[in-house]
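Trainee:
There are 2 protein chains.
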Amino acid sequence: MDTRLGEYVDEFTRRDWQTLDPDAVDEPVRIALVGLGWFSREWALPGIERSAFTEATVVTDIDADAVDEVASETDLTGVTPEAFRAGEVAGEYDAVYVATPNATHLEYVEAAAEQGKAVLCEKPMEASADRAESLVEVCADAGVPLMVGYRMQTDPVVRRLRDLLDAGFVGDPVHVHATMSQTMLGELTGDPDQWRLDPDLSGGCALMDIGIYPLNTTRFVLDADPVAVSGTTRTEHEAFAGVDEHADFRLEFPDGVAAMCTVSQNAAHASRLEITGTEGRLILDPAFYEREERELAVERGGVRMDVEVDPVHQVEEEFAYFGHHLLTDTPIYPDGRHALIDSRVLEAIYESAETGEVVQLTE
Amino acid sequence: MDTRLGEYVDEFTRRDWQTLDPDAVDEPVRIALVGLGWFSREWALPGIERSAFTEATVVTDIDADAVDEVASETDLTGVTPEAFRAGEVAGEYDAVYVATPNATHLEYVEAAAEQGKAVLCEKPMEASADRAESLVEVCADAGVPLMVGYRMQTDPVVRRLRDLLDAGFVGDPVHVHATMSQTMLGELTGDPDQWRLDPDLSGGCALMDIGIYPLNTTRFVLDADPVAVSGTTRTEHEAFAGVDEHADFRLEFPDGVAAMCTVSQNAAHASRLEITGTEGRLILDPAFYEREERELAVERGGVRMDVEVDPVHQVEEEFAYFGHHLLTDTPIYPDGRHALIDSRVLEAIYESAETGEVVQLTE
């Protein structure tokens, strides 16, 4: 009997990176959460709790009410940002998750590094490539591990897509299309995420906040980095004055593979990654949002398979990976050096949008 | 009872352009076919015969065997290209369908115009914008109607998609993605279509032959023309030496609407058009090939409808439109002036691929 498909299906959601038995973990990595926006509360906190390798112990935010609320609902220690940075409860955590507005990541990472704590920093790593580079250096100098929160990279569906590409399932990749959009004002009205409209805090809007998904996920699955980029940004709605409401960009990877990407903070919901190769296609749709049940379509030689998977909790997987790798002292893949390339590419796309020119990234 | 959906469904495939009762047509437009490649034989001939407004009467090709074969299988008059151009059987047809290699369209259209015959010319209209312009002028000077063979424009699914956009169903269009690819060498081995590999005959390969579908269909459904374009072409396989095997391009429409397009003559089959607006999305997948059963997905406000339609014979619809409009003396929409814009845009994309610069099309 041919068991190949059976084995493939059974192993589809395996954690290919896991060497430590979750049941054998007595002392999970204790995490301090910095920043209590909706993603932290709705996704990161539950993700940390679900993961066998992590537990949340401390929370902080500039919004004292939010800290009180979370602390009173849980057994977490709530502190002010000042107390956190001063290390007043540093004995209560081993690692720090930073999910504040982009331009404030550095200050919290500096504090964590000074305290000798490992860091999981949200993406984009900072509001500019220069600040992102400082952030990487701070962690390197302090000798603390730094992971960047690319939750797509630890999603098993995305990892299987990458495996297929790596195994040559579609031949040589030729073209990539990626689109991701949402109605930020409509979906998130009244939410503290409105800091994304402040260029000083965010460093940009559609491209910084959303563009990083098509960019990083394409890099991850192709296992390659762009060599040239071009792009355009556009703002029509007055709420987006000073930042980019819509953006499109083209990433050129080695061998001329082109990724055509569009993102928007003010368009109907879209979420799709599509790779066409010389011999087949791989389509992830929906692709990028944490709340979506990702579906993978696999096409080759007239055969199409649609793979629907019981969704993992994407942020649990991310924190499990982080905790697991700290406990096993294993190098982390989406690290600062990896994330720094995104910061530079995003900056190059903004530059291209200003000048109308292609920006070469090879030196 | 709410009959809105019922009426919509019932009228979905209606010919919104048809004013003449097909059953009332005694004398359909008699068509001479020039060029007997696989598309002419497999699609155009049956399309002409199926349409109540047209009938095929004459065939010609530089391949005398092909002419003999078709003439012996049917009751059509087969003639040599020389005899055709000399008008030897001009009394047997009212209109001429030109489906020869791109760079030879002009000579046959000149003959047809001289004979006072209406013309349906395959797309791209010619191998260069200059020759395309001459072709348009030849017809204008002779006062003969000229239609260009954009079979997507008379497909009811495409027309309904256009209606929805026009009615504001998705709000303002924001981004378009289009992809179309095939393995030309594999799918068409031994076929006379290999003239597409000869730049003198074709004027280009992936972009000219395939790129025109995303380009023209996007123009048609948005009812707008690009104001700026950029693009890249690439050739890896030796069989494509001298022409473009792969291409990607960005079309910028008025108001900054961006269409991101990829095409290939040597990649896995893909065929998709996707429009994201401020309030919804319209997705045609498969979209572009004559043999596909087009499916339209309509998304707005959390509702998604998938529309599958009994496929029309796309080339029947095209010839029915052509014949109908000649019989009723009605202006033809995809005319030479319309097609000339595609020729200029394609040339601008090739220029951009050479220079790496964006080419502005507004003057």
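Chains F and D, in that order, give the protein sequences.
Our numbering puts the first sequence at residues 1 to 363.
Our numbering puts the second sequence at residues 1001 to 1363.
Beta carbons are placed, not taken as given, at the ideal position from N, Cα and C, and that holds for glycine.
(1) Cβ of F:Met-260 less than 8 Å from any chain D Cβ?
(2) For F:His-237, name the three-state secondary structure that DSSP assigns.
(3) With H, G and I counted as helix, E and B as strand and the rest as coil, what does DSSP make of F:Met-125?
(4) Just to confirm, is the Cβ distance from F:Glu-55 to F:Arg-30 under 8 Å?
(5) In three-state terms, what does DSSP make of F:Phe-84?
(6) Does the beta carbon of D:Val-1229 come closer than 8 Å to any beta carbon on chain F?
(7) Using a Cβ-Cβ cutoff of 8 Å, what residues of the stretch 295-309 of chain F are near chain D? List them in chain order.
(8) Could you work out which residue in F:Trp-38, F:Val-144 and F:Phe-249 is closest to F:Ala-66 when comparing CA atoms only?
(9) Who are the Cβ neighbours of D:Val-1089 in its own chain at under 6 Å, not counting the five residues just before and after it?
(10) So, helix, strand or coil for F:Thr-100, using DSSP?
(11) Please go through the same chain and pick out, in chain order, the residues whose beta-carbon is closer than 8 Å to the beta-carbon of D:Leu-1361, but skip the five residues on each side of it.
(12) Quick check on DSSP: helix, strand or coil for D:Ile-1062?
(13) So that I know if they touch, is there some Cβ in chain D lying closer than 8 Å to that of F:Gly-168?
(14) Do the stretch 231-249 of chain F and the stretch 1150-1167 of chain D touch if we need at least three Cβ pairs shorter than 8 Å?
(15) Short of 8 Å in beta carbon distance, which residues of its chain neighbour D:Pro-1192, apart from the five on each side in sequence? Order them along the chain.
(16) Could you please give the first and the last residue of the uninterrupted beta strand (DSSP E) stretch that includes D:Gly-1336?
(17) Terminal residues of the continuous alpha helix (DSSP H) containing D:Ser-1202?
(18) Quick one: list the residues of chain F neighbouring D:Thr-1276, beta-carbon separation under 8 Å, in chain order.
(19) Mapping the DSSP letters down to three states, classify D:Leu-1020 as helix, strand or coil.
(20) What does the Cβ neighbour count give for D:Ala-1024, buried or exposed, with the cut at 16 atoms within 10 Å?
(21) Can you give me the C-alpha to C-alpha distance between D:Leu-1135 and D:Tyr-1289, rounded to a whole angstrom?
(22) By Cβ distance below 7 Å, which residues in the same chain neighbour F:Glu-110 in space, the five residues on each side in sequence not counted?
(23) Please compile the residues from chain D whose C-beta is within a distance smaller than 8 Å of the C-beta of F:Glu-279.
(24) Does any CB atom of chain D fall closer than 8 Å to the CB of F:Val-358?
(25) Quick check on F:His-325 - is its C-beta less than 8 Å from some C-beta in chain D?
(26) Using the beta-carbon count (16 or more within 10 Å), is F:Ser-128 buried or exposed?
(27) Could you tell me which residues DSSP pairs with D:Thr-1262 in its beta bridges?
(28) Helix, strand or coil: how does DSSP classify F:Arg-300 here?
(29) When the cut-off is 8 Å and only beta carbons count, does D:Arg-1162 lie next to chain F?
(30) Compare the beta carbon distance of D:Leu-1282 and D:Val-1298 with 8 Å and say whether it is the shorter of the two.
(31) With a threshold of 16 other CB atoms inside 10 Å of the CB of F:Tyr-150, please say whether the residue is buried or exposed.
(32) Cβ atoms of D:Ala-1270 and D:Thr-1179: under 8 Å apart, would you say?
(33) To the nearest angstrom, how far is the alpha carbon of D:Arg-1300 from that of D:Ala-1103?
(34) Just how far apart, CA to CA, sit D:Arg-1004 and D:Gln-1265?
(35) Closer than 7 Å by C-beta to D:Glu-1351: which residues in its own chain qualify, once you throw out the five before and the five after it? Chain order, please.
(36) Let me make sure I understand the geometry here. Which of D:Asp-1141, D:Glu-1133, D:Tyr-1097 and D:Thr-1060 has the alpha-carbon closest to that of D:Ser-1072?
Mentor: In brief:
(1) As a first step, residue 260 of chain F must be located in the first sequence, where it is residue number 260. Closer than 8 Å to some Cβ of chain D, the Cβ of F:Met-260 qualifies, so yes.
(2) Residue 237 of chain F sits at position 237 when you count from the first residue of the first sequence. Correct three-state label for F:His-237: coil.
(3) In the first sequence, the residue the question calls residue 125 of chain F occupies position 125. In this structure, F:Met-125 counts as coil in the three-state DSSP scheme.
(4) As a working mapping, residue 55 of chain F is identified with position 55 in the first sequence. As a working mapping, residue 30 of chain F is identified with position 30 in the first sequence. Yes.
(5) Reading the first sequence from its first residue, position 84 is the one you call residue 84 of chain F. Three-state DSSP puts F:Phe-84 in a helix.
(6) The residue given as residue 1229 of chain D occupies position 229 in the second sequence. For D:Val-1229, the answer is no, since every Cβ of chain F falls outside 8 Å of its Cβ.
(7) Glu-299 and Arg-300
(8) In the first sequence, residue 66 of chain F corresponds to position 66, counting from 1. Nearest of F:Trp-38, F:Val-144 and F:Phe-249 to F:Ala-66, Cα basis: F:Trp-38.
(9) As a first step, residue 1089 of chain D must be located in the second sequence, where it is residue number 89. So the list reads Val-1058, Thr-1077 and Val-1079, once near-sequence residues are dropped.
(10) In the first sequence, residue 100 of chain F corresponds to position 100, counting from 1. Coil at F:Thr-100, not helix or strand.
(11) Taking the second sequence and counting its residues from 1, one reaches residue 1361 of chain D at position 361. The answer, listed in chain order, is Asp-1225, Pro-1226, Val-1227, Ala-1228, Val-1229, Arg-1344, Val-1345 and Ala-1348.
(12) By 1-based counting over the second sequence, the position of residue 1062 of chain D is 62. Coil.
(13) Counting from 1 along the first sequence, the entry for residue 168 of chain F is found at position 168. By this cut-off, F:Gly-168 is not an interface position.
(14) no
(15) Taking the second sequence and counting its residues from 1, one reaches residue 1192 of chain D at position 192. Confidence at D:Pro-1192 is low in this model, with a pLDDT of 46, below 50, so its placement is unreliable and no value can be given for it.
(16) The sequence position of residue 1336 of chain D within the second sequence is 336, counting from 1. Unbroken run through D:Gly-1336 is the alpha helix (DSSP H), 1336-1355; no beta strand (DSSP E).
(17) One-based indexing of the second sequence puts residue 1202 of chain D at position 202. Its alpha helix (DSSP H) spans residues 1199-1202.
(18) Looking up residue 1276 of chain D in the second sequence gives position 276. Result: Thr-179, Ser-181, Thr-262, Ser-264, Ala-267, Ala-268 and Ala-270.
(19) Locating residue 1020 of chain D in the second sequence gives position 20, counting from the first residue. In the structure shown, D:Leu-1020 sits in coil (DSSP, three-state: anything other than H, G, I, E or B).
(20) By one-based count along the second sequence, residue 1024 of chain D stands at place 24. D:Ala-1024 comes out exposed.
(21) Within the second sequence, residue 1135 of chain D is the residue found at index 135, counting from 1. Within the second sequence, residue 1289 of chain D is the residue found at index 289, counting from 1. Using only the alpha carbons, I get a separation of about 26 Å.
(22) Here residue 110 of chain F refers to the residue found at position 110 of the first sequence. Val-138.
(23) Residue 279 of chain F sits at position 279 when you count from the first residue of the first sequence. Within 8 Å Cβ-Cβ: Ala-1268.
(24) Taking the first sequence and counting its residues from 1, the one referred to as residue 358 of chain F is at position 358. Yes, because at least one Cβ of chain D sits closer than 8 Å to the Cβ of F:Val-358.
(25) Taking the first residue of the first sequence as 1, we reach residue 325 of chain F at position 325. Chain D, which has no Cβ nearer than 8 Å to the Cβ of F:His-325, makes this no.
(26) As a first step, residue 128 of chain F is located in the first sequence; it is residue number 128 there, counting from the start. Answer is buried; the Cβ neighbour count reaches 16.
(27) Taking the second sequence and counting its residues from 1, the one referred to as residue 1262 of chain D is at position 262. Beta-bridge pairing links D:Thr-1262 to D:Thr-1179 and D:Asp-1248.
(28) On the first sequence, residue 300 of chain F is found 300 positions in, with the first residue counted as 1. Correct three-state label for F:Arg-300: strand.
(29) Residue numbering aside, residue 1162 of chain D sits at position 162 when the second sequence is read from its first letter. Not closer than 8 Å to any Cβ of chain F, the Cβ of D:Arg-1162 fails to qualify, so no.
(30) For the purposes of this step, residue 1282 of chain D is taken as the residue at position 282 of the second sequence. For the purposes of this step, residue 1298 of chain D is taken as the residue at position 298 of the second sequence. Yes.
(31) Sequence index remark: in the first sequence, residue 150 of chain F carries index 150 (1-based). Its Cβ being crowded by 16 or more others within 10 Å, F:Tyr-150 is buried.
(32) Taking the first residue of the second sequence as 1, we reach residue 1179 of chain D at position 179. Taking the first residue of the second sequence as 1, we reach residue 1270 of chain D at position 270. Closer than 8 Å, so yes.
(33) Taking the first residue of the second sequence as 1, we reach residue 1300 of chain D at position 300. Taking the first residue of the second sequence as 1, we reach residue 1103 of chain D at position 103. Roughly 44 Å separates the two Cα atoms.
(34) Counted from its first residue, the second sequence places residue 1004 of chain D at position 4. Counted from its first residue, the second sequence places residue 1265 of chain D at position 265. So the two alpha carbons sit approximately 43 Å from each other.
(35) Counting from 1 along the second sequence, the entry for residue 1351 of chain D is found at position 351. So the qualifying residues of the chain are Val-1359.
(36) Here residue 1072 of chain D refers to the residue found at position 72 when the second sequence is read from its first residue. Taking only the C-alpha atoms, the option nearest D:Ser-1072 is D:Thr-1060.
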